[in-house]
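Counting in the working numbering, the final residue of the sequence shown is number 521, and the numbers go up one at a time with none missing.
The structure appears right after this line, and notes come after that.
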Amino acid sequence: MSWTANDIPDLHGRTAVVTGANGGLGLVTARDLAAKGAHVVMAMRNQAKAAAALDQIRAAVPDAALEPVVLDLSSQASVKEAAARILDAHERLDLLVNNAGVMAIAETRSVDGFEMQFAVDHLGHWTLTALLLPALLRTPGSRVVTVTSTAHHQGRPVDVSNPHLHGRYGPWRAYGQAKLANFHFGLGLQRDLERAGARTASLIAHPGLSDTDLQAVSVQGSGGGASQRFFHALAQRTGMSPDKGALPQLRAATDPAAKGGEFYGPMFVNNGAPIRKPILRRFGMDRAIAKLWEVSERETGVALDLRTPAGA
210 MSWTANDIPD LHGRTAVVTG ANGGLGLVTA RDLAAKGAHV VMAMRNQAKA AAALDQIRAA
270 VPDAALEPVV LDLSSQASVK EAAARILDAH ERLDLLVNNA GVMAIAETRS VDGFEMQFAV
330 DHLGHWTLTA LLLPALLRTP GSRVVTVTST AHHQGRPVDV SNPHLHGRYG PWRAYGQAKL
390 ANFHFGLGLQ RDLERAGART ASLIAHPGLS DTDLQAVSVQ GSGGGASQRF FHALAQRTGM
450 SPDKGALPQL RAATDPAAKG GEFYGPMFVN NGAPIRKPIL RRFGMDRAIA KLWEVSERET
510 GVALDLRTPA GA
């Protein structure tokens, strides 16, 4: 039986944080969560697009409870400031959707000196998740959903000695590494949550080929690269709409039957309805996760603290 946004349960009284909520899958995710009653913290970098996104959601959901927060995932200082603002306003959080990302852009360094795709897609979300964990751990049944891509199959585990691909950069090599980091982060976080006996779950989702701004930004950010233009054209012709593409992460975020460690993706029949996929253990996965933890803690100076806060 197909799963649609109509299957999202009532979310009144729940608070969700969605990164990259100003467009594409993040905008749809924020809108559909708000339509079911959630208070949605929309974490966004581009403030011009943020204003338009707020207007668009309110036009569709007049009573939407929306809270914009400035978040630039490429800047660790911005991530820390955004997390502080969210924690000041919310002692408890029910949901964090790590959705934002960039894809296959030309080699660029973040303000912190990190390779940009790894900085935005993984390291920014690592720090945001770590800092918001106290509020998530206080909330029984809370979830962290990390959005990856099928490109994680082509990715290589992070190299502890060269995580930013100095001298080895390629747009798709860096994207594959970042998306595999998302995959390993989702699984590693669930492993650590289980070990800590936490009542928070970590899940993973991927949208498949969707016609969103990500494709256009990839073309622009690569200087009009041929492969980027190919995937942009393919997404326009055959890709799913953002409404369809967001379904896997919405299901991972809200389906009462969803469990920590599960991977949700689109099924390219049955109208693109999202399906639950088993996670197959791969040779060396635990070692790859350990390397990712080492690099992430070293580069950001932030560790994941899975201790349940006092009074939770």
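Each residue gets a CB set at the ideal place from its N, CA and C atoms; glycine is no exception.
| Asked | Found |
| --- | --- |
| Around the C-beta of valine 320, are 16 or more other C-beta atoms found within 10 angstroms, so that it is buried, or is it exposed? | exposed |
| Any chance you could list the beta strand (DSSP E) runs of at least 3 consecutive residues sitting entirely within the stretch 294-335, in chain order? | 304-307 |
| So within the stretch 343-379, which uninterrupted beta strand (DSSP E) runs reach at least 3 residues, ignoring any that extend past its ends? | 352-356 |
| Taking all protein chains shown into account, decide if aspartate 420 is buried (16 or more other Cβ within 10 angstroms of its Cβ) or exposed. | No answer about aspartate 420 holds up, because its pLDDT of 47 lies below 50 and its placement is not dependable. |
| So what's glycine 474 in DSSP terms, helix, strand or just coil? | strand |
| Tell me which residue opens and which closes the alpha helix (DSSP H) that threonine 213 is part of. | Counting along the chain, threonine 213 falls outside any alpha helix (DSSP H), and DSSP gives it neither H nor E. |
| On the DSSP bridge list, what partners appear for histidine 393? | According to DSSP, histidine 393 bridges with nothing at all. |
| Can you tell me whether DSSP reads proline 451 as helix, strand or coil? | helix |
| Mapping the DSSP letters down to three states, classify threonine 545 as helix, strand or coil. | Given a span of 210 to 521 for the chain in the structure shown, any question on residue 545 remains unanswerable. |
| Report buried or exposed for arginine 496, applying the criterion of at least 16 other Cβ atoms within 10 angstroms of its Cβ. | exposed |
| Is the Cβ-Cβ distance between valine 306 and valine 227 less than 8 Å? | yes |
| Quick check on histidine 441: buried or exposed, where buried means 16 or more other Cβ atoms within 10 Å of its Cβ? | Here histidine 441 scores only 44 on pLDDT, less than 50, and its place in the model should not be relied on; the value that follows carries that caveat. By the 10 Å Cβ count, histidine 441 comes out buried. |
| Measuring straight from C-alpha to C-alpha, what distance separates threonine 213 and leucine 456? | 7 Å |
| Between the Cα of aspartate 272 and those of Gly469, Pro343, Val279 and Lys245, spot the shortest distance and give me the residue it belongs to. | Lys245 |
| Alpha carbon to alpha carbon, how far is aspartate 219 from alanine 315? Give it in angstroms, no decimals. | 42 Å |
| From alanine 466 to glycine 376, what does the alpha carbon distance come to, in whole angstroms? | 45 Å |
| Which value, in whole angstroms, describes the spacing of the CA atoms of threonine 348 and leucine 513? | 17 Å |
| How is glycine 481 classed by DSSP in three states: helix, strand or coil? | Only weak support is given to the placement of glycine 481: the predicted model assigns it a pLDDT of 46, under 50, and the value that follows is read from those uncertain coordinates. Glycine 481: helix per DSSP, three-state reduction. |
| Pick helix, strand or coil for threonine 228, following the three-state DSSP scheme. | strand |
| Go ahead and pull the three-state DSSP assignment for proline 170. | The chain is shown from 210 up to 521; residue 170 falls before or after that span and cannot be answered. |
| Three Cβ pairs or more, each shorter than 8 Å: is that satisfied between the stretch 385-393 and the stretch 351-367? | yes |
| Going by C-alpha distance, which of Val270, Ala390, Leu296 and Arg408 is nearest aspartate 241? | Val270 |
| Nearest to tryptophan 502 by CA position, among Pro343, His248 and Ala339, is which residue? | Ala339 |
| Quick one, which of Gly233, Gly222, Ser505 and Arg516 has its alpha-carbon nearest serine 370's? | Ser505 |
| Using the three-state DSSP reduction, which class does leucine 280 fall into: helix, strand or coil? | coil |
| From arginine 318 to leucine 337, what distance separates their C-alpha atoms? | 19 Å |
| Cα separation between alanine 243 and valine 511? | 31 Å |
| How big is the Cα-Cα spacing for valine 353 and serine 411? | 5 Å |
| In the DSSP assignment, what residue or residues form a beta bridge with alanine 410? | Arg352 |
| Does the Cβ-Cβ distance between valine 329 and alanine 309 come in under 8 Å? | yes |
| For asparagine 391, is the classification buried or exposed, using 16 other Cβ atoms within 10 angstroms of its Cβ as the cut-off for buried? | buried |
| Could you pull out every residue in the same chain whose Cβ sits closer than 8 Å to the Cβ of tyrosine 190, ignoring the five residues on either side in sequence? | Lying before the first or after the last residue shown, residue 190 is absent from the chain, which here runs from 210 to 521. |
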